[in-house]
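Protein chains in written order, with our numbering: chain A, 1 to 342; chain B, 1001 to 1342. Where a beta carbon is used, it is the ideal one built from N, C-alpha and C, also for glycine.
Structure, rendered in structure tokens:
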């Protein structure tokens, strides 16, 4: 009798581990393989960083409220974010797109206008890929390529106890934007009422047209900061800091009162009776950079207003915890802080 | 009023041209962009070749008769074929896969067993990518990366009049395999009769488990042959030689009696009353290398039993033609030789 193991029983990260655990690297040029934000390939002394993502209609985006131009822009940006998360500079992308024959050339032009706008903003070249018909809705796959000075790439496994945990920008807003758009969509379907997005442009923009933190990587170079580990916040702060802790073999302490929020986002969260902290921990799609630095870099980091120090690394034996505003200590779990599941 | 242009009105290649015509290359390292088998990126003097493809269930493969292991193998090979078509050697791949929650871990293991088998055969490393759930059937995107000595990559635009047109291996067999499997599937659906694939293992294998022509690229290096242009035969000989002619600004003459066929495939074609020449011209999925060489390389090429010389390039004013066994001259058209459409 054949065995049957449900994917749900081992989870996404368990599955990736399972499927890739027996990889034996054959080429000396494969410096870093599966398991980080991007792969690193040696090209005769200089290093190339590569990352690839798949975006499927109905899973990763809803065309009901996502303009095609924004989708094109975002498809590129989320991949560039992985390149920056390696402390590298993106240079090229390859784009594959599958679309139904219901699409007009003008609709595809809209999508590509967004792709090219992102290429311009981040100074990358679209150099290849594939177009295909699809009977399965819109499917997008982007591969991003970047460069990094020899051995300057930053992995997830270099953090050590007492390193400062830092994050760029703000957290949770994209998830609030998603919550708002899903709510307005439901209301529209039920009542025909047009969406009321007034005063919410910030959180909607954070979801539909995110930016990658090019500026932070440039700041690292200027200020001569070498983060000890880095990841981009795509799955939620909780899940992403746990990736770093696992790969670096550390524990961590996060302070809720240090989390960076946007005022408009916070206002909307309270209106909706959602906890902004839960959005930060479990929401995802922020595309901010989460990184650790040695304590010696404290003064340098403090001088950058776009960076918040939100905690520090510990010995692994101390576990992974959040200290709330009220002073309570909660264990961080992969699906997010457990309050998020209330 | 908004314009609406149907994609079908400009065709796949017209669409790609339309969507990419305004690209301005910003990075000096982007040596070759959209419009060939793969992109070429300069890495400080050495060159990297990259190609990416999207495979969608129901468009590119039918799980009704495609074992998952074969599908994993083929997903890798079709991308490696693009790297070899640049005269480069593949070194790494990135793999994205989207699958429904109906899939068991064992089913994914089967798929990955095929992926790893291809990696072993071609000595490439799987270094990254993304897994995702899909509500749209199985979706696969592979990006392949390869290396080539400086300026030794072979594009589609270097052929000149009087160059010999050569092709590796055999043509049309994969299309015959597809025809057979589609026929058996129809019979099974209508009558419940189990497929009769006896004596047809060759053509079925050519479709389900193709190989990329690593050996030909190795031969070029050993024999010091520099093809003037090259492409892999994925859309059918007719479409692919027309790509070379267009980009090289040449005409061509192909000789039907020089086309390489496999005996089993030819036998099956006659049984089915299908013209093997039409299969070669319009079938596609052969993953052979179609290339041109200077006449000075004639003796070298002749000595390789895996290569057939099937015609020669001409001035563009002479057009693109096939000379049949009977001595008739037919114009080659993008959808294949017009007899194929009978």
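For residue 143 (chain A), the neighbours in chain B by C-beta distance under 7 Å run, in chain order, 1052, 1094 and 1143. DSSP places residue 247 (chain A) within a helical segment (H, G or I) once states are collapsed to three.
Taking residue 1165 (chain B) as reference, the option from B:1108, B:1321 and B:1184 with the minimal CA-CA separation is B:1321. Taken atom to atom, the span from the alpha-carbon of residue 1300 (chain B) to that of residue 1230 (chain B) is near 17 Å.
In this structure, residue 77 (chain A) and residue 170 (chain A) do not form a Cβ contact; the two beta carbons are roughly 16 Å apart against a cut-off of 8 Å. Within chain B, the residues whose beta carbon sits less than 8 Å from that of residue 130 (chain A) are 1052, 1053 and 1054, listed in sequence order. Taking a beta-carbon distance threshold of 8 Å, residue 1084 (chain B) does not count as an interface residue toward chain A.
In this structure, residue 91 (chain A) lies near residue 124 (chain A), with their beta-carbon atoms less than 8 Å apart.
Taking CB atoms only, residue 234 (chain A) has no neighbour in chain B less than 8 Å away. Under the three-state reduction of DSSP output, residue 1285 (chain B) falls in the coil class, being neither helix nor strand. In terms of beta-carbon proximity, residue 1196 (chain B) stays away from the interface with chain A, with every pair separated by 8 Å or more. In terms of CA proximity to residue 144 (chain A), A:49 leads the group A:280, A:259 and A:49. Under DSSP, residue 313 (chain A) takes part in a beta bridge, and its partners are A:252. Residue pairing for residue 329 (chain A): DSSP places it in a beta bridge opposite A:323.
When DSSP states are grouped into helix, strand and coil, residue 1031 (chain B) belongs to the strand group.
The beta carbon of residue 1183 (chain B) does not come within 8 Å of any beta carbon belonging to chain A, so the residue lies off that interface. No Cβ-Cβ contact shorter than 8 Å links residue 1287 (chain B) with residue 1240 (chain B).
For residue 82 (chain A), the uninterrupted alpha helix (DSSP H) run begins and ends at 68-84, by DSSP.
A Cβ-Cβ separation of about 6 Å places residue 66 (chain A) in contact with residue 208 (chain A) under the 8 Å criterion. A direct Cα-to-Cα measurement between residue 103 (chain A) and residue 1006 (chain B) gives close to 7 Å. One thing to note: residue 1158 (chain B) has its Cβ no nearer than 8 Å to the Cβ of residue 1088 (chain B). Residue pairing for residue 1061 (chain B): DSSP places it in a beta bridge opposite B:1057. Cβ neighbours of residue 293 (chain A) within its own chain (closer than 7 Å, five residues either side excluded): 163, 164, 166, 225, 227, 228 and 301. For residue 131 (chain A), the enclosing beta strand (DSSP E) covers residues 125-133.
Here residue 1113 (chain B) really is in contact with residue 1072 (chain B); their C-beta atoms are around 7 Å apart, less than 8 Å. Comparing alpha carbon positions, the residue from A:184, A:133 and A:316 closest to residue 247 (chain A) is A:316.
Secondary structure of residue 1276 (chain B) (DSSP, three-state): helix. Neighbourhood of residue 152 (chain A) in chain B, by CB distance below 9 Å: empty, with the nearest CB roughly 15 Å away.
Listed in chain order, the beta strand (DSSP E) elements of length 3 or more contained wholly in the region 1184-1253 of chain B are 1229-1232.
Exclusion of the five residues before and after residue 99 (chain A) leaves 134 and 138 as the residues of its chain whose Cβ lies within less than 6 Å of its Cβ. For a Cβ distance threshold of 9 Å, residue set 56, 57, 58, 59, 134, 135, 136, 137 and 139 of chain A lies close to residue 1136 (chain B), ordered along the chain. With at least 16 other beta carbons inside 10 angstroms of its own, residue 1084 (chain B) counts as buried.
CA-CA distance, residue 244 (chain A) to residue 156 (chain A), rounds to 5 Å. Using a Cβ-Cβ cut-off of 8 Å, residue 98 (chain A) counts as an interface residue toward chain B, since at least one Cβ of chain B sits closer than that to its own. In chain B, no part has a C-beta under 8 Å from the C-beta of residue 299 (chain A); the shortest such distance is about 35 Å. Interface flag for residue 1018 (chain B) against chain A is set, since a Cβ pair is found closer than 8 Å.
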